[in-house]
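Single-structure report; data block below.
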Amino acid sequence: MKYLTIMALILLSMQDANAQKPKTLKATFGMGCFWCSEALFQRLNGVSNVKSGYEGGDIANPTYEEVCTGTTNHAEVIEMEYDPAKISYDELLEIFWKSHDATTLNRQGADVGTQYRSVIFYHNNEQKEIAEKYKAELNKANAFGKPVVTEIAKAQPFYVAENYHQDYYLKNGEAPYCRLVILPKMEKLEKLFKAKLKH
186 MKYLTIMALI LLSMQDANAQ KPKTLKATFG MGCFWCSEAL FQRLNGVSNV
236 KSGYEGGDIA NPTYEEVCTG TTNHAEVIEM EYDPAKISYD ELLEIFWKSH
286 DATTLNRQGA DVGTQYRSVI FYHNNEQKEI AEKYKAELNK ANAFGKPVVT
336 EIAKAQPFYV AENYHQDYYL KNGEAPYCRL VILPKMEKLE KLFKAKLKH
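Each residue of the sequence shown is one higher than the one before, starting from 186 at the first, in my numbering.
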């Protein structure tokens, strides 16, 4: 009987320990080409399982070729998991807004089309409120000299992009696109958010 009591206490303490562990939450952002977005957010401490994919469109399981036509209404996005004990949603949003041009509608640099729109897909009401408040504050302060046009929408089905899009920068860092477009963003991230990066 004493043995059973001890075992029960051990099991209960394990359950308590598991209940206290911070769970990871999801965040989904579209900020132009998902190769750039993925490379940036993979570097952040507290962020894991970053996937490139498509969200917010009209058809199921779209291909890259279909999304590139701009007719499916999907955005190129990244979906990630983050540990709120290590990085807050506010901090993720700060990096989101400082890492792309949120004032251009359906465009990031040379990439033009609805698939490149600036968008936040929120996963709960708290994320929605934080994103809307942050956007309103940026516009009130005229932070970028032009209005922020970032769309804030409820999370929809996320479709993981084809394998060759995953970890693109890690696998193709020497490619011209990576050196010309992604590398400057990585250098900016290093400069602005050094304390938030994985070591």
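Each residue gets a CB set at the ideal place from its N, CA and C atoms; glycine is no exception.
ask   = Cα separation between Ala346 and Tyr239?
value = 7 Å
Three or more C-beta pairs under 8 Å: does that hold for the region 297-314 against the region 261-281? yes
Practice task
Less than 8 Å between the CB atoms is what I'm expecting for Asn230 and Lys383, so what's the real figure, rounded?
Solution key: 5 Å
Checklist line | Sequence-distant residues of its chain with Cβ nearer than 8 Å to Gly255 (five each side left out) | finding: Excluding positions up to five away in sequence, the list reads Gly298, Thr299, Gln300.
query = Measuring CA to CA, which of Cys221, Lys211, Gln341, Asn309 is closest to Asp243?
reply = Gln341
| message | Beta-carbon within less than 8 Å of Lys339's beta-carbon, same chain only, minus the 5 sequence neighbours each way: which residues are those? | response | Phe306, Tyr307, Lys313
*Quick one: what's got a C-beta closer than 8 Å to Glu276's C-beta in the same chain, skipping five residues either side?*
Lys381
Practice problem: Answer yes if the region 314-329 comes into contact with the region 343-362, meaning at least three C-beta pairs across the two stretches below 8 Å, and no otherwise. | Solution: no
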